[in-house]
Amino acid sequence: MDVGIGFRAVSGDKDDRIGFAAAAVSVGFDLVEETPGVSNVYSEENKYEPDKPGDIKYFLPLSKGAIEVSDLAKVWIDPSAALNDAEALPARIKSAANAQELAALCVEFDSIYIKAAFAHMRLFSLNRIKLPGHTSDEDNASAYLDLFARKLEDAHDKTSRTKLAKSLAANWKPAMLSWLRAYRSNFLELANLWKEVPKSLKIKRGNGLPPLVLPQGPKFEQMLKRWT
Amino acid sequence: MDLGEQNLNLDILEEPEEIQIDTQDEAFLKSDGVRKISFGGPDGRDVKLQPFNTHRQVAAQKLGMEFFNMGEEALEEFQERETYNGIFQDAVIVVYLCAHPVSLAKKALRVPAKVMGEALNWAEKAGVLVGNEKHGELIAAFGDIIGDIIASVAEIDQTGMQSADESLGK
Chain A
987 MDVGIGFRAV SGDKDDRIGF AAAAVSVGFD LVEETPGVSN VYSEENKYEP DKPGDIKYFL
1047 PLSKGAIEVS DLAKVWIDPS AALNDAEALP ARIKSAANAQ ELAALCVEFD SIYIKAAFAH
1107 MRLFSLNRIK LPGHTSDEDN ASAYLDLFAR KLEDAHDKTS RTKLAKSLAA NWKPAMLSWL
1167 RAYRSNFLEL ANLWKEVPKS LKIKRGNGLP PLVLPQGPKF EQMLKRWT
Chain B
12 MDLGEQNLNL DILEEPEEIQ IDTQDEAFLK SDGVRKISFG GPDGRDVKLQ PFNTHRQVAA
72 QKLGMEFFNM GEEALEEFQE RETYNGIFQD AVIVVYLCAH PVSLAKKALR VPAKVMGEAL
132 NWAEKAGVLV GNEKHGELIA AFGDIIGDII ASVAEIDQTG MQSADESLGK
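Chains A and B are the protein sequences, given in the same order. So my numbering is basically just the index in the first sequence, starting at one, shifted up by 986. So my numbering is basically just the index in the second sequence, starting at one, shifted up by 11.
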């Protein structure tokens, strides 16, 4: 089952909505094949006017692996909890007292990592994080953290866990920057789709009738006047 | 690095301020001789132009205002012919910033591309097209504002403290 991310699903800001979809795509969610991408929906009550943005929809799967899109929405609304969970990671790795605690950390790690990346994307979208120039450290760090949970499984003694906690701390910031670059690229791509909005319109007709889709063509203006 | 410290994540900046009109703007709006344009306000009505103050000047530069990059010859040409290459864009930038609270200038420093897009949409919605009446009004308002800047740097020049060219970044 898929979910349509609506303007009001997260907030009333169009850029915010594109940002959410871009962040979800960045962490591995694929837009569903039949996603309209951008579709303006007008009706008798909500008529088309020049430059009126109308509506926009991105269909996302409800989950990707262990990540629920609803959890990401919570992070988008309040990124601080995800950041706090991440901040606690090195200390938790160092202080894991037994195999059970270590196993729990291994299971949780990927979720904490992805949610922290999502929280960073959210704060970046609010212009609260500066993105410096790209360095190769970012690519290496990202690759390292992608496999971190496996490394953690084998860290049975305190020395190896301390070493892992240190390398986690060293790789974390560059990896987050790498996520932000992916986010920025996806955001621009989706924002470009938005610019194409006026080229096709979907008009709700009600009374059980299917929506009318008007692609841009020679009779676009004529059809627009007739149906709006 | 102490792993117990709260510094794993990237540095997070403070949340931006709420939108508000500053006292300088309020004083300007209440004073006599306020500049106005007949379009671009709420519901397309007229709007009072607020001072092209430091915030707005810096924001205009961030939005790519050509005037600040003009060479000496171009500046002379502007003073003679009252136009230069890029004047339309500059006029949209400056008048849009002056037609809105100073918080917009602050926003322009954070998200220049977005504000530039908003400025163009604003001009488009107001129906400003090269050669029409609104275009003339926009350029006139811009000329007034820029005229003040040129006059003020010229005054400084007469005291021998700073030349207009130096003031314009050369």
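Beta carbons are placed, not taken as given, at the ideal position from N, Cα and C, and that holds for glycine. Computed from a predicted model, the values in this text were never measured in an experiment.
*Would you call B/S42 buried or exposed, if buried means 16 or more other Cβ atoms sit within 10 Å of its Cβ?*
As a position in the second sequence, residue 42 of chain B is number 31, starting the count at 1. Per-residue confidence for B/S42 stands at a pLDDT of 42, beneath the threshold of 50, marking its modelled position as unreliable; the derived number appears in the next sentence. Exposed.
*Cβ of A/A1161 within 8 Å of Cβ of A/L1138?*
Within the first sequence, residue 1161 of chain A is the residue found at index 175, counting from 1. Within the first sequence, residue 1138 of chain A is the residue found at index 152, counting from 1. For A/A1161 and A/L1138, no; Cβs fall outside 8 Å.
*Sorted by chain position, which residues of the same chain lie with C-beta nearer than 6 Å to A/K1050's C-beta, five sequence neighbours on each side aside?*
As a working mapping, residue 1050 of chain A is identified with position 64 in the first sequence. So the list reads G1014 and F1015, once near-sequence residues are dropped.
*Roughly how many whole angstroms lie between the Cα atoms of A/W1165 and A/A1102?*
Start at 1 with the first residue of the first sequence, and residue 1165 of chain A comes out as number 179. Start at 1 with the first residue of the first sequence, and residue 1102 of chain A comes out as number 116. So the two alpha carbons sit approximately 10 Å from each other.
_Min CB distance B/N20 to chain A below 8 Å_ = Along the second sequence, one-based indexing puts residue 20 of chain B at 9. Taking Cβ atoms only, chain A reaches closer than 8 Å to B/N20, which makes this a yes.
*Can you grab the Cα-Cα spacing for the pair B/Q35 / B/P62, in whole Å?*
In the second sequence, counting from the first residue as 1, residue 35 of chain B sits at position 24. In the second sequence, counting from the first residue as 1, residue 62 of chain B sits at position 51. Low local confidence applies: a pLDDT of 48 at B/Q35 is under 50, so the model's placement there is unreliable, with the coordinate-based value given in what follows. Using only the alpha carbons, I get a separation of about 8 Å.
*In the DSSP assignment, find the alpha helix (DSSP H) that holds B/E135 and state where it starts and stops.*
For the purposes of this step, residue 135 of chain B is taken as the residue at position 124 of the second sequence. B/E135 -> alpha helix (DSSP H) spans P123 to A137.
*Cross-chain neighbours of B/I156 in chain A, by beta carbon under 9 Å*: Taking the second sequence and counting its residues from 1, one reaches residue 156 of chain B at position 145. Residues of chain A passing the Cβ test: none, with the nearest at roughly 27 Å.
*Check distances from the C-beta atoms of the region 1116 to 1127 of chain A to those of chain B and list, in chain order, the residues that come in under 8 Å.*
Per Cβ criterion, the list reads K1116.
*If you measure from the beta carbon of A/W1221 to each beta carbon in chain B, is any gap under 8 Å?*
No information on residue 1221 of chain A is available, as it lies outside the stretch 987 to 1214 that chain A covers here.
*B/V122: contacting residues in chain A (beta-carbon distance under 7 Å)*: In the second sequence, residue 122 of chain B corresponds to position 111, counting from 1. Near B/V122 (Cβ distances below 7 Å), the residues of chain A are N1113.
_Suppose contacts are defined by Cβ-Cβ distances below 8 Å. Is A/L1046 in contact with A/A1010 by that definition?_
Translated into positions along the first sequence, residue 1046 of chain A becomes position 60. Translated into positions along the first sequence, residue 1010 of chain A becomes position 24. Closer than 8 Å, so yes.
*How is B/V141 classed by DSSP in three states: helix, strand or coil?*
Position 130 of the second sequence, counted from the first residue, corresponds to residue 141 of chain B. In the structure shown, B/V141 sits in coil (DSSP, three-state: anything other than H, G, I, E or B).
*Taking A/G1096 as the reference, give the member of A/N1113, A/L1154 and A/K1144 with the closest Cα.*
One-based indexing of the first sequence puts residue 1096 of chain A at position 110. Before going further, note that residue 1096 of chain A is Asp rather than Gly in the sequence given. When only C-alpha atoms are compared, the closest one is A/L1154.
*Pull up the DSSP beta-bridge partners for B/V58, would you.*
In the second sequence, residue 58 of chain B corresponds to position 47, counting from 1. Note: B/V58 sits in a beta bridge opposite B/I48.
*asked:* What ranges does the alpha helix (DSSP H) occupy inside the region 1042 to 1128 of chain A, keeping only unbroken runs of at least 4 residues that lie completely in it?
replied: 1055 to 1063, 1066 to 1073, 1075 to 1081 and 1085 to 1111
*With 16 other CB atoms within 10 Å as the buried threshold, where does B/K118 fall?*
Position 107 of the second sequence, counting from 1, holds the residue named residue 118 of chain B. By the neighbour-count rule (16 or more Cβ atoms within 10 Å), B/K118 is buried.
*Check whether the region 1144 to 1153 of chain A touches the region 51 to 58 of chain B, taking contact to mean three or more Cβ pairs, one atom from each stretch, closer than 8 Å.*
no
*Proximal chain B residues relative to A/K1159, where beta-carbon distance stays under 7 Å*: What you label residue 1159 of chain A is simply residue 173 of the first sequence in a count that begins at 1. Here the neighbours are L21.
_Mapping the DSSP letters down to three states, classify A/T1148 as helix, strand or coil._
The residue given as residue 1148 of chain A occupies position 162 in the first sequence. Helix, per DSSP.
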